[in-house]
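As you go down the protein sequences, you meet chains A and B in turn. Taking our numbering, I'd label the letters of the first sequence as residues 225 to 436. Taking our numbering, I'd label the letters of the second sequence as residues 2 to 153. From the three backbone atoms N, C-alpha and C, an ideal C-beta is built for every residue, glycine too. A quick write-up on the structure given underneath.
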Amino acid sequence: MKKISVIIVVFLLIYNSNDFIKAQSIDKKYYEFLHKAKTSDLLYINGSVAFLINKSPLEIFSEYKNLYDSYKEVVPVELKIEFGTEIMPLNNTTYQVIWYLKDSILYLTDIKFYSISICDYKSVFSNNEQYKLMEKLTKVNIDKSMRPLSNDPYRHVNTIGMMPTNWLNDTLLIKRARESFEDIEKWLLSTPCDKLIFRNGKLVSMTTTDIY
Amino acid sequence: MYFDYSGNFIGSYGDGNDIIIAPPEIVGKVITTMARAVGISGNVNVVYEGGNICAGASSSGDIYFNYNANIMAYNNYFDFLSVLHHENHHLMSMEDFGTSRSEFQALIYEMNQPSFQYTSDFYRNITLNEYNSYNPSGYNNPSGYNNPSGYN
Chain A
225 MKKISVIIVV
235 FLLIYNSNDF
245 IKAQSIDKKY
255 YEFLHKAKTS
265 DLLYINGSVA
275 FLINKSPLEI
285 FSEYKNLYDS
295 YKEVVPVELK
305 IEFGTEIMPL
315 NNTTYQVIWY
325 LKDSILYLTD
335 IKFYSISICD
345 YKSVFSNNEQ
355 YKLMEKLTKV
365 NIDKSMRPLS
375 NDPYRHVNTI
385 GMMPTNWLND
395 TLLIKRARES
405 FEDIEKWLLS
415 TPCDKLIFRN
425 GKLVSMTTTD
435 IY
Chain B
2 MYFDYSGNFI
12 GSYGDGNDII
22 IAPPEIVGKV
32 ITTMARAVGI
42 SGNVNVVYEG
52 GNICAGASSS
62 GDIYFNYNAN
72 IMAYNNYFDF
82 LSVLHHENHH
92 LMSMEDFGTS
102 RSEFQALIYE
112 MNQPSFQYTS
122 DFYRNITLNE
132 YNSYNPSGYN
142 NPSGYNNPSG
152 YN
């Protein structure tokens with residue numbers, strides 16, 4: 225009886241520490257992108273697949289982080305996010321930009337504020353001032369003929385149009401975001417980053433890298 | 002774990018981890034009761050976000066708990082408790098608010114709580130991997146902080 229108890233205790237100890245051992249055994253190179261990414265923005269490519277981005281396409285505009293500081297409702301929020309599904313909004317980030325790569329053109333499709341419930345957007349921005357301020361910052365108008373993304377009610381609220389990123393001449397690293405409940409280890413080990421090169425907002429090159 | 006309709010803790014029965022709660026208003030009251038027990042004195046608000054968001058703490062000291070969070074599917078009392086420990090650490094270290102150091106320390110704090118071992122496999126896994134994405138340097142986005150890891 226005593227032996228059985230010992231075996232059960234050992235089994236339980238091993239079972240309970242399984243996740244910990246598994247998590248600790250993954251090489252740190254597979255966390256490199258997550259470690260280095262500097263923006264919580266998300267990119268969608270041709271519809272519903274979300275990607276994490278290493279830096280914001282708005283970085284060229286020095287005041288982009290403070291764009292909505294005059295709104296008292298817009299404040300930083302520390303979030304507990306399910307691993308790999310989004311990048312944590314750090315360094316006083318108050319909003320998340322949703323980008324959409326459609327027909328090789330990168331568009332700004334939505335702006336999500338962490339401290340405001342989606343159903344309260346209209347009371348804070350009664351005349352869609354969030355997009356007007358963004359137009360003022362980038363000096364690019366929203367193209368009302370371009371239909372914004374609408375498949376995720378928690379991320380897609382814009383119904384006006386999309387803003388082409390004419391200013392963008394840069395290289396972005398992206399990594400497919402982990403879907404909720406997707407196996408973490410499998411996602412980490414099998415999702416390398418892609419390198420996207422843009423000229424005037426148009427994608428000119430997309431290659432898979434050995435960066436994870 | 003049992004709570005009444007006002008969110009007051011009534012008691013526990015057996016040795017399981019299950020917590021059964023349903024409508025948002027009850028969730029709000031229960032989470033508020035749990036939050037007070039871990040030392041959170043600010044407002045606790047129930048919000049409706051995508052399932053990948055568990056909870057949040059604002060710089061004004063409020064706590065947000067996502068009614069749609071995927072962790073709700075596991076009905077594990079200790080998952081909720083661990084989230085509250087995490088958010089409480091943010092509130093206790095407002096001088097670091099919004100930095101990667103704050104997030105890393107909050108993860109260590111919640112993982113060091115005795116209750117963490119009783120969280121669901123799902124919750125433990127996402128938290129350990131989140132911690133791993135900071136470890137060994139401790140801090141992401143090293144703006145203004147030392148980054149002694151191999152990452153540059």
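Terminal residues of the alpha helix (DSSP H) in which L276 of chain A lies: From DSSP, L276 of chain A is part of no alpha helix (DSSP H) but of the beta strand (DSSP E) over 273-277.
H87 of chain B to I342 of chain A span [Cα, whole Å]: 24 Å
Burial state of S264 of chain A, where buried means 16 or more other Cβ atoms lie within 10 Å: buried
Short Cβ contact (9 Å threshold) for N382 of chain A with D334 of chain A: yes
Beta strand (DSSP E) runs contained entirely in the segment 319-380 of chain A, provided each spans 3 or more residues: 319-326, 329-337
Nonlocal neighbours in the same chain, by C-beta distance under 7 Å from F10 of chain B, ignoring five residues either side: F4, T34
Enclosing beta strand (DSSP E) for M73 of chain B [first to last residue]: Looking at the DSSP string, M73 of chain B is not in any beta strand (DSSP E), and its letter there is neither H nor E.
Backbone secondary structure at M93 of chain B - three-state DSSP: helix
Distance, S121 of chain B Cα to N69 of chain B Cα: 17 Å
Contacting residues, own chain, Cβ-Cβ under 8 Å from F257 of chain A (five flanking each side not counted): L276, N278, L397, K399, C417, I435, Y436
Cβ-Cβ distance between I322 of chain A and L282 of chain A below 9 Å: no
E88 of chain B in three-state terms, based on DSSP: helix
Contact test: N424 of chain A Cβ vs the ligand SAM heavy atom, cutoff 8 Å: Because no ligand of any kind appears in the structure shown, any question about the ligand SAM cannot be addressed here.
Interface residues of chain B facing N316 of chain A [CB-CB closer than 9 Å]: S60, F98, G99, T100
Length at least 4, wholly inside the segment 406-436 of chain A: the alpha helix (DSSP H) runs in chain order: 408-414
Rounded straight-line distance, which links the Cα of S42 of chain B to that of T433 of chain A: 47 Å
L267 of chain A in three-state terms, based on DSSP: strand
Beta-carbon proximity of L191 of chain A to P313 of chain A, cut-off 9 Å: The first residue shown for chain A is 225 and the last is 436, placing residue 191 of chain A beyond what the model contains.
Secondary structure of F307 of chain A, DSSP reduced to three states: coil
Sequence-distant residues of its chain with Cβ nearer than 7 Å to L413 of chain A (five each side left out): Y254
Spatial distance of L427 of chain A from K360 of chain A (CA atoms): 24 Å
Per DSSP, cross-strand counterpart(s) of P388 of chain A: A:Y331
Interface flag, G308 of chain A vs chain B, CB-CB below 9 Å: yes
For G29 of chain B, the three-state DSSP class (helix, strand or coil): helix
Identity of the residue in A:I284, A:D376, A:S294 nearest W391 of chain A by Cα: A:I284
Beta-carbon proximity list for I297 of chain A, same chain, < 7 Å, skipping 5 on both sides: Checking the displayed sequence, the identity of residue 297 of chain A turns out to be Glu instead of Ile. Cβ within range, chain order: S339, I340, V348.
CB-CB length for S404 of chain A against G52 of chain B, believed under 8 Å: 5 Å
Backbone CA spacing between I421 of chain A and A401 of chain A [nearest angstrom]: 19 Å
Residues sharing a beta bridge with A20 of chain B, DSSP: Sequence inspection shows Ile at residue 20 of chain B; the Ala mentioned does not correspond to that position. Paired residue(s): none; I20 of chain B is not in a bridge.
C-alpha distance - V299 of chain A paired with Y124 of chain B, whole-angstrom precision: 27 Å
Y292 of chain A: contacting residues in chain B (beta-carbon distance under 9 Å): Within 9 Å Cβ-Cβ: nothing; Y292 of chain A doesn't reach chain B, min ~14 Å.
Beta-carbon proximity of F117 of chain B to T100 of chain B, cut-off 9 Å: no
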